Every structure is written in structure tokens, then in C-alpha cells.
Amino acid sequence: MSSPHGSPPPPSTPVRPSFAASVSRIYNLSFGQMLWSRRTVFMVLVVGGPVAVALILRMLVSMDLLDAGGVIDGRPVTIDGPVIFGLMIWGFYLSFSVPLLGVFYGTSLIADEVEDKTITYLFTRPLPRGAVLIGKYLAYLVCAGLLVLPSVMLVFFVVMPLLGGSIGAGFPDLLKDLALLAVGLAVYGALFALVGALFKRSLLTGLVFVFGWEPIVVVLPGYMKRFTVSYYLQGLVPHAMPQDGTVTGLVLQVLQANEILPSATVSLIGLGAILAGGLGLAVWLVQRREYVLEQ
Amino acid sequence: MSRRTRYVALASGGVLTVGLCSGLVAYLNRGIPRGVAADAPAELAFVPSDASAVAYADVRAVMASEFRERIRRIAPDGVGREQLERRLGLSIERDIDRVLVFWAPQAGEDGASGLALLSGRFDAARLETVARDGGAVVSEEGGARIVSIEVEDVGSLAMAFLQPGLVAVGDLAAVRSAAGRGAGEAGIHANEPMMRLLGRIDTGSTAWAVGRLTDSGLFGLVPERVSARLPPVTAFAVQGRVNGGLGVSLVIEGRDDQAARNLRDVVRGFVALAQMQSIGIPELQAILDSLETGGAGTAVTLSFHLPADALDFLLSMTSSADAS
Amino acid sequence: MPIHDQSYRRYAGSRNEPGSAWLVITKAGIRSLLGRKLFLAVMLAAWGQFFVRAVIFYLSANFPTLDVLAPSVETFRQFFEMQEIFVLFVTVYVGSGLIANDRRSNALQIYLSKPLSRTEYVAGKLGILAFFLLMVTLVPALALLLLEVMFSASLAFLSEHLFLLPAVTLYALAEVLLASFTMLALSSLSTSARYTAVLYAGVLFFTGAVFAILRGATRSSMLAWLSLRANLDQIGDVIFRLPPRFESPWPASVLVVLLLMGLSVVVLDRRVRGVEVVT
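Quick mapping for you: the protein sequence lines, in order, are chains C, W and X. So the first sequence is numbered by the working numbering: it starts at 288 and just counts up by one. So the second sequence is numbered by the working numbering: it starts at 3 and just counts up by one. So the third sequence is numbered by the working numbering: it starts at 139 and just counts up by one.
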């Protein structure tokens, strides 16, 4: 029997957005949130500090308080713009900013939503769970990149011409540094996205990895250092690793002499594997894990 | 994306873009580095553009240094110095201020020849008379008097008074070339790789040497088959600063990043080996502790500082070895 | 006789002396943390160095050929240096949420509505962090000193280096108090323990990086006072009667440490309030 007015229109079936569209939506949502959160203070410290130090150094040089030649611990050393820039890339960015940003943002991609008890709202939307993680990860990458890379650029132009250095001569190294930092942010972010998805106390795990495991293992002989990110980053870094005056003992000299840095190819393969493995496993975990929020 | 977020993204992107463009322009127009030490000797004007090595010593500073005094205490000056002063009226300590030596290829010949440029106070007439007495002949080139002599197995050696207080000594062809160098001729300043090496020399260095190890061998002095077996080094710059002690800094440039990395490993290996050998000899350990290796890109750096005490120890070792 | 009398009754319980309420917070905090397996693992790892050094002390005391391993003043100084990383981990684990979590859940108002002063609240929280930090610094160091006496069956080392007792105590207290005060102050600034933890690690390593860069560029360690860690190292060298490792004057390091603690107290005074007045 049919109705005199015809059959009622079928209920509209919700259109599930594609994975890429879901990623894009989450990215758009998260990018602004990340940029204008309390973390911005931390970000300003991380990216503004090196620029401030670079300006101070430039001021010292212009006031003739800093010259190229000198002696450290009885060793004659020559410091110029490229050397200072190399020191800053190592000291500020590769050893500090990139791993710390990776830990902070990477572990908080999911943990923040759990902590704020807002993950329910995200996971009840018709979006693949993996897209939520990937979208947030991309937002972190762009957010960190847009703040860290210009900071490096400013430091380069402030520091490089000091004490006889040349911007033109150092430009190829700058390109390598920028690429290296972008890769570092991507790899550390992926690794700690996995840590964040895997552990409840992910931040402590991340800090132990970055400031406990990596600095110790990377100077040990054998295969242990292959289980760090910094080992593979060192294989790509254009600046020679600066020697710390406090650790130039016989043991370290022998270790350095025997240390074999990975080739650029091995480094890229290693970093690629960590990136793909970390992100893939994180997505896999997020898709399967049941998040029970604490009341 | 909100408006302020978009502004941040645009500002960051702008900084990156402007920086990259400026860097690229600087890279394309990098030209000759300006970093030649401020106290670069004026004699550099006589060095041709194709020179493959240049060395320099501030003789006056070395002679007046405590370093020289320490050496003199162990190895007193020989009779040669007295003979030089008696015959030529020339005292190295008193009359010579600076020495600059360079090697450059000879036109139309294989290999390279060297030329030494001595700055100081010279009795030109007396030097010429002594040379003439020895069979030398005098000619003129570019307004400069050239005194030359044929020496068996060596060839023509010559000496020219290029300017008041500046004497060139070396192969006749090289001396002529230096004497005839016009103001408009391209000199070492037109040689970008050499100028880049000279840029590595710090102001105040007492002595230094820079050189490029070209494909034709070490300044053309070493046969190609020998240089092919040498480590893949393309250039070097070494400088020393003499005071109470001795500070030396050496920069070697490898053919590429990989070669430089290998060289760094080799140098560090040697340093580590030497440190192990020096256990129990504190004086030697102090010297080895002052060794610093490093470098970036294609450069390998090695520097050390010999304090006055360590110098005494080394000199005493040398003298005791001579005595035995 | 009424079964249930709701009229006024005098308080029949025991009364604590004013100023002792902080102990309740400290005890509860310690008990809560000791129930966490991950934290116990961190504490056990922090005691790893103690066990290794105990074995070395035993070997050096009982095998004369191994007297090169005998303890010295430097041994105790190095012990503290190697514990620094665990001081960081314990500070971050224990301290980051101490006040931040209370602020997040608005528990601060509930705390301060009890017979508990703000000072007692802060002291209670400080007690939790200080207790665990002392457990990984002062306690193992003193235990090592005791072990040395026990293994060697002699008071010779202790009497020769009697200053080690106050030195170990003083340095441990300086390290613990600086970490505790700064972490509590940072914790009071935020409602997120995660943010506080990263901020603390960031400040610690950033000041260290600034000093390292300036030291490399100026070839001088006169600016050691810029680094949180370097200040403690410098003070530690002086306390252990060793030559200071940096060129900067050690009183400058003491001043910086005191200023940081003073600043932390000011921050805590402003941030730990029962009612937040929004202007």
C-alpha cells in the first residue's frame, strides 16, 4: 500500500569525509589552538632566546669585547661567525629546542585531549581516529616549523657575518641546517606521538629519552647509539660537533676516534624508518585503544 | 584559520622567504672573501695570481720573542751568522724585518719556482759588490737592478732591489717576473681560492703559510704519482703565534665532506694514540691536552699551544738527544 | 535520652598544634607517590649509582691491589654530579603537578578553607618534593659515607675528611631547596602539570645552553652564573673544597641561587591564594 502523498524521502545518510579531508579539518582546528595556547610562552622562550643571544654576541663584537683569537683551557682557538653559528645550531636547536618541542608537542597530541577530557568529542565525530592524530601532528609540524625556522634564519643573519664570516659562504650550510631541523622536528614529533599514545606518563618517558638516554648512549661504542635519533641527525649535520672543554679526556678522544658516524644515506633511512614507524604505530594504537577518562 | 593565525603564518613565511632570497643573492655574489688579515704584508702585491703557496714570517717579532731566547739558550748561534755579517754587513736580527716566500709555476716549464721577498735595511752597494766579485752580472728590469749568477746544477739565481728596503731572491725568471710586475697586473688578490685561504690567517700571526695542492702535485714539486698517494687534501693554511710559548693552528681542506671526515677521524686517532703513549710523562701530556681537533664541512682543523714550560721540556729533550 | 542529638557539642577530637598541618599534606603526598610503580622504578634507578659505588667501596677496602678505586672527596662530588639527572626526573615527576593539579581541580580553595595557612600548604607541598629529592641525594651520599667506614673498619677516611659530613648535607640541601622552590613556583603558575614539567626542563637546559654558547664564543666561563646547573656545580666545588671549575666568582652563584629561591617565594606568595581576584 502506498501513501497518497508518495513515499517519504529516505533519511539522509551522513557523508563520511575522506581521510584527507578529515586530516585537513583537524589540522585547521588544531593549528590555531596550538599557536594561541599557553605553550606560546614556552615557544617564545625556545625560539626567541637564541635570537637574543645572537644579538648580544653581535653587540659584544661591535663593542670590541669579542675577538676571533683566544685560548680555551690552554688551547688556541679561532672563533668566527660560522663557528658561533655552528655552536648555536648544536647547542640551542639540535640538542635542546628540537627534542624538547618534539617531547612537549608530540606527547601532548593525544594526552592533552585525554587530560582535558575532550577526546570524546573528537572520537565521536565521523572522522577516522588516525586522521585526528595525523591532523594534529601536521599542525604541530607546521606550528613548530613556522616558529623555529625563522628563528634560525634570524640567528644566521645576525651571527654569520661576525669576525670575518661570510653570509654567502655559509648559505649552503644554512640550507642544510634548515632541512635538518625540519627533519628533526618531524622525526622527534613522530616518535613522541607514539610515546604519547603508548604511555600514560608519556612526558617523563620523553624527558628520560631525550635528556637521559640519548646523551649517554650516543657516546658509547657499539650499536646502542643506533637506538637514538641524534645519532642519525649527526650524520647529516654540516657543522662538526664542537668539543666541550670539560669532556676532552683521553677516554672521549679514543671514543671519538673510533666513532663512525652514519653516512647521509644511512641517516636518511634511519630517520625515515623512525618517522614512518613512529607515526604508523601511533595511528595504529590510537585506532585500537579504548581511552577511559578519569572521573 | 583566524586572521591573527594567518598573520603569524605570513610573517614567518616572509622571514623565511626574505632570508632565503638574501642568502641566495649573497651566495651567488660571494666573490673574493674580504677576510685577509688586517696586517697582511705589502709584499703580497708582488705575488702572482697563479701562486700555489705563500709563506710569511715576521722575523723581527720572532727574533725578539722569548721563544727565540729559549732556543738560543740551548742552541747558540753558529759561525754562519758572523760570516754573513762580516761579508755582507747583514744581520738577520737587526736588518731583516719580514720574509715572504711564494711558489708559482714557471711559464713554459714544468714545476714551480720559489721567490723570497725580504724586507728590511740592506746595503745595496755592498751586496752588489760582493756579488760582482763572485762573478755575478747586473742587468735592469722594470727600473730595478737585478744581480744574477749561474750556479752549476741549480741554474740562474738572482737578487733584485725591487723597492727601497725590499729585496727579491730566487730563480732569475721569477725575479725578473717580480721586477717587471706592473701596477695593473693581476696579482694574488685575483686568485679567489688563495685569498680564501689567506682569509683564514688571523691578525697578529707571527708566521703563516697557505697553499693549494693542485692536481699537478704539491706546488708542482712533488711528482703526480706521489701526490696521488697522499691523503685527499686540496689546500692548507698554517699559522703560528710566538710569544713566551708557541701557538700553532693548522687548517687542511679535504676534497669533499667525506674526505674531510675521514681526515678528522685519522687526526683524532693519532691524537688519542699519542695521548695513550704519553701517560706518565706529564709535560708531554700537557702538550697533547692542548691539542684541539675539529673543523666543519671540508675543513679539518688542528691547533695546539706549547706553553713556555713545555717548550723547555721539548728543547731539553732535543739537546739531550743531540748530546747522546 | 535522644538517639541522635543534633545540638551543639564540643569538639572531642584531638587538637594539633597550629603550624603542624603541613605534615598531613606531606604524609599524604608521600604515601600517594609510593603507591605508584613507575615512580618506584625511577627511585630504584636513582639508587643504582649507590649500589655500584658500594661494590667499588667494598672491593677497594678488601683487595689492596684495587686501592686505586678507594673513595676520595672527588668521589662524593662526582656522586652528586651523576645524581643530577635523577634530581631532574624526580623533580619533574613529583613536583610538576603539586600545585598545578590543585589549581586545575580548584582544590586550592578547599585546602585553604580548612584550618590550614598558605604557608603550611606550601610547606606541605615542599615537604613532599624535598623528601624524595633528599632520598636520592643526601640519604645515599650519607649511606655511602657510612659504608666506607663499615667496609674499611676504620674511621681514618672520615676523620681525615671530617668536613665531608657538613659538605654533603649542605650541598644536598642547596640542590634540593633550589629544585623544590623553583619547581613549586612554576607549578603555581599553571594549571597543567605537563606544561610545568616542560617549562622546568626548558629553563634548566636553556640556561645551560646559553652559558655553553657564550662560553664558546667568549672563551671565558665568567658567565657561568647564567646557568642554573653551572651555579650548583660552582657552589658544589667550593663546598667540597675543590678548585671551582668556572672563572665566575662563586659568591655570584650563591647570590643567583638565593635570588631564584627568593623569587620563587614571591611567586608562591602571589599565586597561592584561596580567592583569585580578577581585575
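C-beta atoms are modelled at their ideal positions from N, C-alpha and C, and glycine is treated no differently. As the structure is a prediction and not an experimental result, all values here were calculated from the model.
- In the DSSP assignment, W:Glu143 falls within the beta strand (DSSP E) that extends over Val139 to Glu143.
- When Cβ-Cβ separations below 9 angstroms define contact, W:Val10 makes contact with chain C.
- Proximity to C:Leu425 across C:Pro549, C:Ala551, C:Val579 and C:Gln320 peaks at C:Gln320, based on C-alpha coordinates.
- In the structure shown, the three-state DSSP call for W:Pro50 is strand.
- Within the segment 208-223 of chain X, contact with chain C at the beta-carbon level (separation under 8 angstroms) is assigned to Ile223.
- Uninterrupted alpha helix (DSSP H) stretches at least 4 residues long and entirely within the segment 385-443 of chain C occur at 385-402 and 406-410, given in chain order.
- Taken in chain order, the complete alpha helix (DSSP H) segments of 4 residues or longer contained in the segment 312-367 of chain X are 331-356.
- Here W:Tyr29 is not near C:Ile421, since their CB atoms are 9 angstroms or more apart.
- For the C-beta of C:Met350, not a single chain X residue is nearer than 9 angstroms; the gap to the nearest is close to 12 angstroms.
- Within chain W, not a single residue places a beta-carbon under 8 angstroms from that of C:Asp464; the smallest gap is close to 11 angstroms.
- Burial check for C:Tyr510: the Cβ neighbour count within 10 Å stays below 16, so the residue is exposed.
- Of the candidates X:Ser386, X:Asn154, X:Asn369 and X:Met288, the residue whose Cα lies closest to the Cα of X:Arg357 is X:Ser386.
- For C:Ile454, the enclosing alpha helix (DSSP H) begins and ends at Ile454 to Leu485.
- Residue pairing from DSSP leaves W:Thr131 without any beta-bridge partner.
- Between W:Thr7 and chain C, the shortest Cβ-Cβ separation is below 9 angstroms.
- Short of 6 angstroms from the beta carbon of W:Leu102, and not among the five residues preceding or following it, lie these beta carbons of its own chain, in chain order: Pro43, Glu45, Tyr58 and Leu119.
- Under the three-state reduction of DSSP output, X:Glu155 falls in the coil class, being neither helix nor strand.
- A straight line joining the alpha-carbon of W:Gln165 with that of W:Gly145 spans about 10 angstroms.
- Close CB contacts of X:Phe214 within its chain, under the 8 angstroms cut and outside five residues either way in sequence, are with Ala279, Leu282, Leu283, Leu302, Ala305, Val306 and Phe378 (chain order).
- Within chain W, Gly25 and Ala28 have C-beta atoms less than 7 angstroms from the C-beta of C:Ile454, given in sequence order.
- Segment contact: the segment 251-263 of chain W against the segment 292-312 of chain W, three or more CB-CB distances shorter than 8 angstroms; contact assigned.
- Interface flag for C:Leu436 against chain W is set, since a Cβ pair is found closer than 9 angstroms.
- Straight-line measurement puts the Cα of X:Ser290 at about 47 angstroms from the Cα of C:Ser384.
- The beta carbon of W:Val240 sits no closer than 9 angstroms to any beta carbon of chain C.
- Rounded to whole angstroms, the gap between the alpha carbons of X:Lys252 and X:Trp160 is 12 angstroms.
- Across the structure, X:Met181 and X:Val274 are spaced so that their CA atoms are roughly 7 angstroms apart.
- Taking the C-beta atoms as reference points, C:Leu468 is found nearer than 9 angstroms to C:Leu436.
- Pairing C:Ile343 with C:Pro337, the inter-Cα distance amounts to about 10 angstroms.
- Nearest CB-CB separation between W:Val17 and chain C: below the 9 angstroms threshold.
- Around the Cβ of X:Ala199, a 10 Å sphere holds 16 or more other Cβ atoms; the residue is buried.
- Within a 10 Å sphere around the beta-carbon of W:Glu84 sit fewer than 16 other beta-carbons, which makes this residue exposed.
- Ranking X:Ala355, X:Val341, X:Arg353 and X:Phe384 by CA distance to the CA of X:Leu366 puts X:Val341 first.
- Ranked by Cα distance from C:Val331, the first of C:Leu485, C:Phe486, C:Ala569 and C:Leu433 is C:Leu433.
- Within the segment 395-426 of chain C, the residues whose Cβ lies closer than 8 angstroms to any Cβ of chain X are, in chain order, Ser395, Ala398, Asp399 and Glu402.
- Here DSSP, grouped into helix, strand and coil, assigns C:Ile371 to helix.
- Think of a sphere of 8 angstroms around the beta carbon of C:Leu353: the chain X residues whose beta carbon falls inside it are Ala355 and Thr356, in chain order.
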